[in-house]
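*Asks:* Residue numbers (my numbering), protein chains in the order written: chain G, 511 to 791; chain L, 993 to 1301; chain V, 341 to 680.
For each residue, glycine too, the CB sits at the ideal point set by N, CA and C.
I'd like to ask you about the structure that follows.
Next comes the structure, spelled out in structure tokens:
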């Protein structure tokens, strides 16, 4: 009897702890959702129960967001920035990661670690000179400045990620291709690339989410609303004077969060083994 | 052994197959990435160092060398000293809180239970979602009037409406808020790192320890923790670097206030260098991050090598 | 003319000397086995021949051309890898066709050659499968077909049987040898397995620590080993060696017989103490020591399975003998000498 009580108690406290964590992490997002669907009178009445609808839910905030703000434009900007940065990153990081993985001796690893360490150089150390460079290139206040600057952290990160992957790529396959008549470059194109598609897809997704998550450079370089990426636009542009449009802000934050959240959950394991340097498979 | 006659052999040109040499193609392959990083990380970094010892502002872009004057002025500014203190408090308090939550959460998720995948997906959210967007949600939750946190406490009878805290308006509470939000943002990352580490410990080592009579805590702290230490260290270094240099949470939640109570290095550098246009002082402020960053890089070099053993 | 001629090839990896001056000529159509313990440099040497590694010094001549700086694709050699290196994203047909495609051979020619190679190896029914759908033996055949399809100047095989289980290995050995005979392709075969070497090679090159110790027919390698290394590396159990005044006296276990089994001829007699004997079905291996000689390894005798077990009781001394023509002498440096 006592044992049953003890084990029940253990179960209850276990699931209680799990519930605590889930509430802690997920509540702000629930809060986004419920806020974005509430009518304004419901939102701004302190006597209402905030956790649920006291008046009928409405899509008004979403309508306003898409019709009366630049939200759709920001989404498009983020997409364009993301696609361009992904392209630049793939073109540079794929060959670099491969080359570093195949370099013999310590030099390849040392160079790889060197590239990776630049990922640790923070935006807040570089944004001043970069904003001058961006200005002198005539890119101030343009989203193309972000296309130029974002690869400074996506390239190191993805080079490292891909280097780890290529190290585990069976050498015999590319060597067989080389003996069978391919040039080194041919073996890279015909064997390494097609057989690395899962890793390349991971790289693409992560590069894209990194560009969505970035805030500091966007804040520093871009002040005109039409050029903002979605993260910056939602966080800074939906305030009229001193008034916050919480319904719209939460609706925008929700929409921009969903794709990143999904991408992370799919590619989490690969990501982790990437940053811990392949110590975890 | 038979002697081998020298045949009339033909030699191919040395340069005809230049791209088939691994070292040649390899250099061509890494060159774009290295160049990109050198031009847009290396050069700006040197530029930042130069700005900090010049009198450069966006209104007067002169390259006049002023030595360490900027640093001297900054160090005499009490606001800066407060900022420096805030930065360390912000970093270490939030990392500590994040690590504790992370270790605890990892222990929970280690055990299989129905719905674990969904729970894991939900727990990852704070780290996955762009921090700027999550910060805005927190700002709304900390709202001076419509705070859901206050509403809950009032309804539960913990506090009275008249004494409801103004979370972001009180200097101490504002600091607590940015620390909590940052810890909230990082602890899922810590969970994942712990989990990855623990599952990488070979089961037979754990079994051997169990057979040798090690209990739960001994297994945890004398076997598993030392083994996963390099991985955890790498994760912690990431956390420290990104927290120590961050400005988005502070910028969005408190804007450094009230009265500089939550101002951190990244935020100050932004205010002085970008908003006020005093590039040289802004650069000097940012450069104060460097010692900590270098320390972290040294740590990273140690642990990232050790993982290979 | 030699199909492959290596002149004093040296390969240095950072501070390891992997290949230390190998000179070897492989005539057209010959099957040469490079035999040596793991880490002896034989695989590195093979990779230098096909061009995957560049030698530090020395000349490599294939079909009359110096190919030191020529990449693998222009050397006209084919290689079969230890785990076969099949292209997982191609079908068997495309795997076999790949070496022809890279040479920009016409479509019709490709088809007929793929046809020829797959029929030669009996894998016509597998052409539309992917490598992961094949068994180990089938993969090996596909790899061989892919190597043979463009009729290379030389076929290089790197431990091709090591991924097969023991039973398959015997038949695969047979197959490879047969195809090689039929096609007549010059073959260089790397292995650490002396049974493969003895059974397949026209000639064997025994390699140790980056150097060739001896090149010869299997019979020469076995009966007339050039030095102590070859003598003890080839043969199971290895040649017995007795140390005497710094020099060595060697004889094969099967030539070390109870004195009563030797009939006629000159022989040398030893007093042999039996320690242990192993019955292996077809033969019996007797381990022991010889009076008056120190030896780090136990002395072995290989006897018929039946007949001697009654007399050879453990712990007892017996007169054993070796015919003098079966005795081999090695000097202090381990080199073979004619007489003691």
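Got a sec: which bits of the stretch 646-666 of chain G sit with their beta carbon under 7 Å from any beta carbon on chain L, in order along the chain?
*Replies:* 659, 661, 662, 665, 666
*Asks:* Quick one: give me the first and last residue of the beta strand (DSSP E) that residue 659 of chain V is part of.
*Replies:* 657-663
*Asks:* When DSSP labels each residue in this structure, what does residue 1010 of chain L get in the three-state scheme?
*Replies:* Helix at residue 1010 of chain L.
*Asks:* On the criterion of 16 or more Cβ atoms from any shown chain inside 10 Å, does residue 584 of chain G qualify as buried, or is it exposed?
*Replies:* buried
*Asks:* Among G/571, G/725, G/679, whose alpha-carbon lies nearest the alpha-carbon of residue 760 of chain G?
*Replies:* G/571
*Asks:* How far does the alpha helix (DSSP H) with residue 665 of chain G in it reach, from first residue to last?
*Replies:* 661-677
*Asks:* For residue 548 of chain V, go through chain L and note every residue whose CB falls closer than 8 Å to its CB, in chain order.
*Replies:* Below the 8 Å Cβ cutoff, chain L contributes no neighbours of residue 548 of chain V, its closest Cβ being approximately 15 Å away.
*Asks:* Hey, how far is the Cα of residue 371 of chain V from the Cα of residue 1035 of chain L?
*Replies:* 60 Å
*Asks:* Would you tell me roughly how many angstroms separate the C-alpha atoms of residue 622 of chain V and residue 645 of chain V, rounded to the nearest one?
*Replies:* 6 Å
*Asks:* If I measure Cβ to Cβ from residue 590 of chain V and keep anything under 6 Å in the same chain, skipping five residues before and after, which residues do I get?
*Replies:* 571, 579, 581, 668
*Asks:* Are the C-beta atoms of residue 411 of chain V and some chain L residue less than 7 Å apart?
*Replies:* Under the Cβ distance rule, residue 411 of chain V counts among the residues neighbouring chain L, one pair being separated by less than 7 Å.
*Asks:* By the 9 Å beta-carbon criterion, what residues does the stretch 392-421 of chain V contribute toward chain L?
*Replies:* Listed in sequence order: 394, 399, 401, 404, 405, 406, 407, 408, 409, 410, 411, 412, 413, 414.
*Asks:* I'd like the ranges of any beta strand (DSSP E) spanning at least 3 consecutive residues and lying wholly in the stretch 432-498 of chain V.
*Replies:* 494-498
*Asks:* If the cut-off is 8 Å on Cβ atoms, which residues from the stretch 1263-1287 of chain L count as contacting chain G, listed in chain order?
*Replies:* 1265, 1266, 1271, 1274, 1275, 1278, 1279, 1281, 1282, 1285
*Asks:* So what's residue 599 of chain G in DSSP terms, helix, strand or just coil?
*Replies:* Three-state DSSP puts residue 599 of chain G in a helix.
*Asks:* So the beta strand (DSSP E) residue 1108 of chain L belongs to, where does it begin and stop?
*Replies:* That residue, residue 1108 of chain L, is in no beta strand (DSSP E); its alpha helix (DSSP H) goes 1108-1120.
*Asks:* How many Å lie between residue 1293 of chain L and residue 1231 of chain L at the Cα?
*Replies:* 16 Å
*Asks:* Within 7 Å of any Cβ in chain G, is that where the Cβ of residue 442 of chain V sits?
*Replies:* yes
*Asks:* Distance check for residue 620 of chain G and residue 1017 of chain L, CA to CA, integer angstroms please.
*Replies:* 18 Å
*Asks:* Which residues, taken in chain order from the stretch 703-720 of chain G, show a beta carbon closer than 8 Å to some beta carbon of chain V?
*Replies:* 704, 705
*Asks:* With 7 Å as the threshold, decide whether the Cβ of residue 1233 of chain L is near any Cβ in chain G.
*Replies:* yes
*Asks:* Comparing the C-beta of residue 516 of chain G with each C-beta of chain V, is any distance below 7 Å?
*Replies:* no
*Asks:* Cutting at 6 Å between CB atoms, please list the residues of its own chain near residue 627 of chain V, excluding the five before and the five after it.
*Replies:* Sequence-distant partners of residue 627 of chain V (beyond 5 residues in either direction) whose C-beta falls short of 6 Å from its own C-beta, in its chain, are 615, 616, 638, 640.
*Asks:* Does any residue of chain V have a CB that is nearer than 7 Å to the CB of residue 1009 of chain L?
*Replies:* yes
*Asks:* Alpha carbon to alpha carbon, what distance is there between residue 1011 of chain L and residue 706 of chain G?
*Replies:* C-alpha separation (whole angstroms): 22 Å.
*Asks:* So which of L/1149, L/1038, L/1167 has the shortest CA-CA distance to residue 1256 of chain L?
*Replies:* L/1167
*Asks:* When you compare the CB positions of residue 392 of chain V and residue 382 of chain V, do they come within less than 7 Å of one another, or not?
*Replies:* no
*Asks:* Is it true that the stretch 451-462 of chain V meets the stretch 403-416 of chain V, where meeting means three or more beta-carbon pairs spaced less than 8 Å apart?
*Replies:* No, because fewer than three Cβ pairs between the stretch 451-462 of chain V and the stretch 403-416 of chain V fall closer than 8 Å, the two stretches do not touch.
*Asks:* Using beta carbons (cut-off 7 Å, strictly below), is residue 380 of chain V in contact with chain G?
*Replies:* no
*Asks:* Could you confirm whether any beta carbon from chain L is found closer than 7 Å to the beta carbon of residue 723 of chain G?
*Replies:* yes
*Asks:* Does the distance from the C-beta atom of residue 626 of chain G to that of residue 670 of chain G stay below 7 Å?
*Replies:* Less than 7 Å divides the Cβ of residue 626 of chain G from the Cβ of residue 670 of chain G.
*Asks:* With a threshold of 7 Å between beta carbons, is residue 629 of chain G in contact with chain L?
*Replies:* No, residue 629 of chain G does not count as interfacial toward chain L.
*Asks:* Indicate the three-state DSSP secondary structure (helix, strand or coil) for residue 653 of chain V in the structure shown.
*Replies:* coil
*Asks:* Residue 1301 of chain L by DSSP, collapsed to three states: which one?
*Replies:* Caution is warranted here: a pLDDT of 35 is assigned to residue 1301 of chain L, below 50, making its placement in the model unreliable, and the coordinate value is therefore given only provisionally. Residue state, collapsed to three classes: coil.
*Asks:* Comparing alpha-carbon positions, which option in V/389, V/538, V/414, V/585 lies nearest residue 576 of chain V?
*Replies:* V/538
*Asks:* When DSSP labels each residue in this structure, what does residue 530 of chain V get in the three-state scheme?
*Replies:* strand
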